[in-house]
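Protein sequence lines, in the order shown, are assigned to chains Y and H. Under our numbering, the first residue of the first sequence carries the number 19, and numbering increases by one thereafter. Under our numbering, the first residue of the second sequence carries the number 42, and numbering increases by one thereafter. Heads up, the beta-carbon is just placed ideally off N, CA and C, and yes, glycines get one too. Below is one structure, written out as structure tokens; the observations come after it.
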Amino acid sequence: MSLKRIMTLDELHNYLHAAMQLEHATIPPYLTALYSIQPGTNSAAFHVLRVVVVEEMLHLTLAANILNAVGGAPNLAREGFVPLYPAYLPDGETDFEVGLQRFSREAVETFLRIERPARSPEESQGLVRRQRVGRGLLPTFRAADDSELHFYSIGEFYQEISRGLTYLQEEKTKSGETLFSGDPARQITPDYYYSGGGEIIPVSNLETAQEAIRLISEQGEGFGKRIYDYEGELAHYYRFQQLVLGRYYRKGDAPDHPSGGPVDVDWDAVYPVKTNARLADYPQPSELHAAAVEFNAQYQGFLGRLTQAFSGQPELLLDAVGDMFRIRETVSRLMRNPIPGTSGLNAAPTFEMPLPTET
Amino acid sequence: MNATSDKPHRSDPADVSASIYDVVIVGAGVSGAIIAHELGRNGFRVLVLEAGPGHDLTIPGYEQYLSRFYAATSKDNNAPYPPNRNAPMPRSTDVRRLQPGEPDASGYIVQNGPIALDSTYTRVVGGTTMHWEGKALRMLPEDFEMRARFGRGLDWPISYEQLAPYYRQAEFELGVSADVEEQAYHGIRFDPGYVYPMRKIPVSYLDKTVASGLNGAEVSLRGARFTLTVRSTPQARNGVPNPRYDGGKGYVPVGAVSVEQVEQGERCQGNNNCTPICPVQAKYHAGKTLIKALATGRVKLLPQAVASKVEIDPDNGRVRHVEFKTYTDPGSTEHATGIARGRVFVLAANAVENARLMLASGLPGTSNLVGRNLMDHPFLLTWGLMPEVVGTLRGTQSTSGIQDLRGGAFRRHQAAFAVSIHNDGWSWATGSPYTVLADIVDRQNQFGTALRRRLVDQVSRQLQLAFMVELLPDQNNRVTVDARYTDPLGNLRPVISYGLSDYTLDGIAYSRQLSRLIFQRLGVEDHTTYDPLDYGYISYKGEGYTVRGGNHWAGTHIMGTHAKDSVVDGTQRSWDHENLYLVGAGSMPTTGTSNTTLTLSALSFLTAERIRVGLDKDRSPATIAAA
Chain Y
19 MSLKRIMTLD
29 ELHNYLHAAM
39 QLEHATIPPY
49 LTALYSIQPG
59 TNSAAFHVLR
69 VVVVEEMLHL
79 TLAANILNAV
89 GGAPNLAREG
99 FVPLYPAYLP
109 DGETDFEVGL
119 QRFSREAVET
129 FLRIERPARS
139 PEESQGLVRR
149 QRVGRGLLPT
159 FRAADDSELH
169 FYSIGEFYQE
179 ISRGLTYLQE
189 EKTKSGETLF
199 SGDPARQITP
209 DYYYSGGGEI
219 IPVSNLETAQ
229 EAIRLISEQG
239 EGFGKRIYDY
249 EGELAHYYRF
259 QQLVLGRYYR
269 KGDAPDHPSG
279 GPVDVDWDAV
289 YPVKTNARLA
299 DYPQPSELHA
309 AAVEFNAQYQ
319 GFLGRLTQAF
329 SGQPELLLDA
339 VGDMFRIRET
349 VSRLMRNPIP
359 GTSGLNAAPT
369 FEMPLPTET
Chain H
42 MNATSDKPHR
52 SDPADVSASI
62 YDVVIVGAGV
72 SGAIIAHELG
82 RNGFRVLVLE
92 AGPGHDLTIP
102 GYEQYLSRFY
112 AATSKDNNAP
122 YPPNRNAPMP
132 RSTDVRRLQP
142 GEPDASGYIV
152 QNGPIALDST
162 YTRVVGGTTM
172 HWEGKALRML
182 PEDFEMRARF
192 GRGLDWPISY
202 EQLAPYYRQA
212 EFELGVSADV
222 EEQAYHGIRF
232 DPGYVYPMRK
242 IPVSYLDKTV
252 ASGLNGAEVS
262 LRGARFTLTV
272 RSTPQARNGV
282 PNPRYDGGKG
292 YVPVGAVSVE
302 QVEQGERCQG
312 NNNCTPICPV
322 QAKYHAGKTL
332 IKALATGRVK
342 LLPQAVASKV
352 EIDPDNGRVR
362 HVEFKTYTDP
372 GSTEHATGIA
382 RGRVFVLAAN
392 AVENARLMLA
402 SGLPGTSNLV
412 GRNLMDHPFL
422 LTWGLMPEVV
432 GTLRGTQSTS
442 GIQDLRGGAF
452 RRHQAAFAVS
462 IHNDGWSWAT
472 GSPYTVLADI
482 VDRQNQFGTA
492 LRRRLVDQVS
502 RQLQLAFMVE
512 LLPDQNNRVT
522 VDARYTDPLG
532 NLRPVISYGL
542 SDYTLDGIAY
552 SRQLSRLIFQ
562 RLGVEDHTTY
572 DPLDYGYISY
582 KGEGYTVRGG
592 NHWAGTHIMG
602 THAKDSVVDG
612 TQRSWDHENL
622 YLVGAGSMPT
632 TGTSNTTLTL
642 SALSFLTAER
652 IRVGLDKDRS
662 PATIAAA
């Protein structure tokens, strides 16, 4: 999919679908690293990864709320929603690889790049003309002259959504209508979602939509030059940085200089899982292969359940908690077992989603 | 400063001995934490002495308890908490069958009988809320007036109506999940428009199955008819916040206790080991209140300090100081003695330890009632197999129960009781699922797929009912001390005498009959058996029962209207020592059929208010004099 400047409701929907896809796309890499940590070890790293995953789920839900508010229909179960890893995110003039890998220094470096995208040097521009290296997690941008451009970073992508929302609402207001005509019953409210990591915002107007966008785009990298975001939450970038610097941040600390207690990381207490594993890596038939297929079906089922929850049945989020336990159990079955013939690499979930059945 | 520990909030013995606090509290459990927080945030300087170690307010500290629990062979209530020679705690695994006339001193508590009681408590920061199940039911209005209404037990000096505002504070502090419309029964009244902080915890499939077979069934008891209803249980664990709470302001659930931002414990995930420890801290424990108290900057915690004596000024009866013994290593009895001085003293060490400390200090009270009227809730368990798989072991340990026989005119003659439906199957009664697994492997020689199938078949149909039966105050049930029994620090150990009256035994016998009726109606195959060799086995009117303790220690310093027949007044202030408060379930003259924590938390709010007003009065003239 390539996107154009948001001038119509359809284009806004496309952007918001892309936003949901993007917010989800970081979850499989984070989950793979999280569950590769051997149980009972690396408490600090486990909690850091866990809270970031939870907040990515919050962002995904906020994107769904905005889409629902402007009359869209979230669909996480459709083909291509989950990318094939490795995929790529832009970092200014280059792309970097986002893959499924075990918890390691290298993985944390990638996570830091995900959470702190570079900002375009020129405020107004935000788009660059360059070659792509591979499957991008951000769609390309189709300019008015039909040439293909790239967002400089995730920040520019959300800036465009923010601008588009304001523009379309102004247009609608002129004709006495509103952009926010979605069914309020499709909003996810704090009843069904909460964590310490910021509260879910039901979206009903431009103000709440912008608030949601701000929460999504600032929770990663912090608010202005500070390490805590607007809600007083330690930004993801700095949460990860604690693992590299070996120390917790405290309120009042300057960026890069945490002054809290020590963070102990045992980089070896990790299952040696294969990076970007594929179903084809597992012998067939084998229990490993069967478990990997089962995982993908479970995950697809989970995304289906979320789709229903985002379509007017928020109470299904409670059942999704059970799904997440099952997902964890299956991942753990895979990760504890070596892949035959790899001299010491363990299995991992592949996140290759089964194709929807033909109708 | 090491931020992964709670050092910034800790005091040391030298500092303590050199200071005079506004309030000295013995015990960092739920009562102590609430009172410390209330007074600290109102500007008073508070010291909390805690017998156990103080690493518990960090995630790594909490996780050590979890790992210990996971690795333990016995999953009893104190399994997560390391043995501590200097602050020993009772464990159910220590209890043996008693021989008449021979006290059993093999555990920390010396059991004098006639019945061996396997109730426990936990001596760590957070106290017994570290292992409690989290049930948070209010007492019935009639529970406060047992003598007046039924000619049984004792009356409280305060009424349900007087306690109601403090119940609301306690439900906020503990974070209770329940639906008001389901909880207004047997005269329980709520203010118009009141809602609990969070909606009820979703009930289990097992609950729903039992409800569909049982709701509307009629039973008769002493000439009255009762209709049974399966009702969800109010619980102090995080669920779905109610946006209508506090006039529409809503409620923000309190997650895991930590100095660092971890964002865990926001919502119950349905792990099945609430007791003895919630893996994600979705269940309330007193550490959540204590960390707020410490954050006021005016509350200091001195862990590893075991209160050993309450020293009284013989001229005026006021407490001079509390003597304590501090140790550096839980494995060594090497210790130093210190004193804590203050204007007001609060004993919040639980019903057994409060009484033990007073008696060890030679303070049985004018009424001679310190230690007497010891109460607990005896439990009768019954268990069987449902006709179909009902998903046992899913959800939190218990989400519903039957409360219809908690009250009624029959209480003139026999004990009331509450019933819990257990989502953890026969765990309490038989040690399932571990024992079921051992049985299938060792005795049925099954393995692989057959083993898995049989395990599912035998575990997922399990139904266990727990009947929690009322026990009235009885002066012969008591805590005493005896110079022959001391702990390694030289502190006198509690000696308990405990028996059940016919009033309670009739309630137990009726419970067994009712369970047969319930099983019949549900098509349950009854597997209940009571082993005559079990330490809790008793015979009554020709039938045998095994009775378990409920860990609801109460009644050792009951409140009343006069120094002659009670130990404390309606604000938990000692009649004999005007600057001393004895707080907790020990102050309750009766406990009805409510788990004690919610009510003792409500009482703590009431007492904190009383102490604050008293200290404010003390303070005002002093300020004027200074000016």
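Where the alpha helix (DSSP H) through residue i begins and ends
| i | result |
| --- | --- |
| residue 332 of chain H | 328–336 |
| residue 148 of chain Y | That residue, residue 148 of chain Y, is in no alpha helix (DSSP H); it is neither H nor E in DSSP. |
| residue 313 of chain Y | 305–327 |
| residue 76 of chain H | 71–82 |
| residue 92 of chain Y | Careful: residue 92 of chain Y lies outside any alpha helix (DSSP H) and carries neither H nor E. |
| residue 366 of chain H | Careful: residue 366 of chain H lies outside any alpha helix (DSSP H), inside the beta strand (DSSP E) at 360–368. |
| residue 342 of chain Y | 334–353 |
| residue 204 of chain H | 201–215 |
| residue 144 of chain H | That residue, residue 144 of chain H, is in no alpha helix (DSSP H); it is neither H nor E in DSSP. |
| residue 32 of chain Y | 27–43 |
| residue 217 of chain Y | Looking at the DSSP string, residue 217 of chain Y is not in any alpha helix (DSSP H), and its letter there is neither H nor E. |
| residue 386 of chain H | Looking at the DSSP string, residue 386 of chain H is not in any alpha helix (DSSP H); the run it does join, the beta strand (DSSP E), is 376–388. |
| residue 395 of chain H | 392–401 |
| residue 107 of chain H | 100–112 |
| residue 260 of chain Y | 254–263 |
Endpoints, the beta strand (DSSP E) within which residue i is located
| i | result |
| --- | --- |
| residue 108 of chain Y | 105–109 |
| residue 72 of chain Y | Unbroken run through residue 72 of chain Y is the alpha helix (DSSP H), 61–87; no beta strand (DSSP E). |
| residue 100 of chain Y | It is not in any beta strand (DSSP E) - residue 100 of chain Y carries neither H nor E in the DSSP assignment. |
| residue 462 of chain H | 458–463 |
| residue 443 of chain H | 441–443 |
| residue 25 of chain H | The requested residue 25 of chain H does not occur in the structure, where chain H is confined to residues 42 to 668. |
| residue 538 of chain H | 536–539 |
| residue 116 of chain Y | 112–116 |
| residue 586 of chain H | 584–589 |
Residue j beta carbon less than 8 Å from that of residue i
| i | j | result |
| --- | --- | --- |
| residue 462 of chain H | residue 436 of chain H | no |
| residue 219 of chain Y | residue 203 of chain Y | no |
| residue 126 of chain H | residue 529 of chain H | yes |
| residue 69 of chain H | residue 89 of chain H | yes |
| residue 504 of chain H | residue 424 of chain H | yes |
| residue 60 of chain Y | residue 284 of chain Y | yes |
| residue 416 of chain H | residue 512 of chain H | yes |
| residue 369 of chain Y | residue 258 of chain Y | no |
| residue 576 of chain H | residue 157 of chain H | yes |
| residue 254 of chain Y | residue 174 of chain Y | no |
| residue 329 of chain Y | residue 158 of chain Y | no |
| residue 292 of chain Y | residue 363 of chain Y | yes |
| residue 62 of chain Y | residue 262 of chain Y | no |
Supposed contact pair residue j and residue i - C-beta distance, whole angstroms, cut 8 Å
| i | j | result |
| --- | --- | --- |
| residue 146 of chain Y | residue 111 of chain Y | 7 Å |
| residue 427 of chain H | residue 565 of chain H | 6 Å |
| residue 322 of chain Y | residue 91 of chain Y | The pair is not a contact, with the Cβ atoms about 14 Å apart (cut-off 8 Å). |
is_contact[residue i, chain C] using C-beta, thresh 8 Å
| i | result |
| --- | --- |
| residue 474 of chain H | Looking at the structure shown, chain C is missing, and the protein chains on hand are Y and H. |
Chain Y contacts made by the region 259–282 of chain H, where a contact means CB separation under 7 Å
Of all residues in the region 259–282 of chain H, 281, 282 have a Cβ within less than 7 Å of some Cβ in chain Y.
Of the residues that make up the region 47–60 of chain Y, which ones have a beta carbon closer than 8 Å to any beta carbon in chain H?
So the list reads 58, given in the order they occur along the chain.
Short-range partners of chain H found in the region 308–325 of chain Y, where Cβ spacing is below 9 Å
Taken residue by residue, none of the region 308–325 of chain Y has a beta-carbon sitting less than 9 Å from a beta-carbon on chain H.
The region 325–341 of chain Y: which residues have C-beta closer than 8 Å to a C-beta of chain H, in chain order?
Result list: 336, 339, 340.
For the region 533–547 of chain H and the region 385–401 of chain H, state whether three or more C-beta atom pairs, one from each stretch, are separated by less than 8 Å.
Of all C-beta pairs linking the region 533–547 of chain H to the region 385–401 of chain H, three or more are shorter than 8 Å, placing the two stretches in contact.
Taking only beta carbons into account, state which residues of the region 79–111 of chain H come closer than 7 Å to chain Y, listed in chain order.
In summary, the residues of the region 79–111 of chain H whose CB is separated from some CB of chain Y by less than 7 Å are 100, 101, 104, 108, in the order they occur in the chain.
Inspect the CB distances between the region 203–216 of chain H and the region 642–654 of chain H and report whether three or more fall short of 8 Å.
A contact exists between the region 203–216 of chain H and the region 642–654 of chain H.
Spell out a yes or no on whether the region 511–525 of chain H and the region 595–604 of chain H are touching, meaning 3 or more CB-CB pairs, one atom from each, closer than 8 Å.
Cβ pair count under 8 Å is three or more, so yes.
Touch check for the region 568–576 of chain H and the region 477–491 of chain H: three-plus C-beta pairs under 8 Å?
Touching, no.
Would the region 175–192 of chain H count as touching the region 267–284 of chain H if we require 3 or more Cβ pairs under 8 Å?
Yes, they touch.
Determine which residues of the region 305–335 of chain H have a Cβ less than 8 Å from any Cβ of chain Y, and write them out in chain order.
Residues 305, 307, 308, 310, 311.
If contact means a Cβ-Cβ distance below 9 Å, which residues of the region 230–250 of chain H contact chain Y?
So the close ones are 240, 243.
Residues in the region 121–137 of chain H having any Cβ partner in chain Y nearer than 9 Å:
Hits within the stretch: zero.
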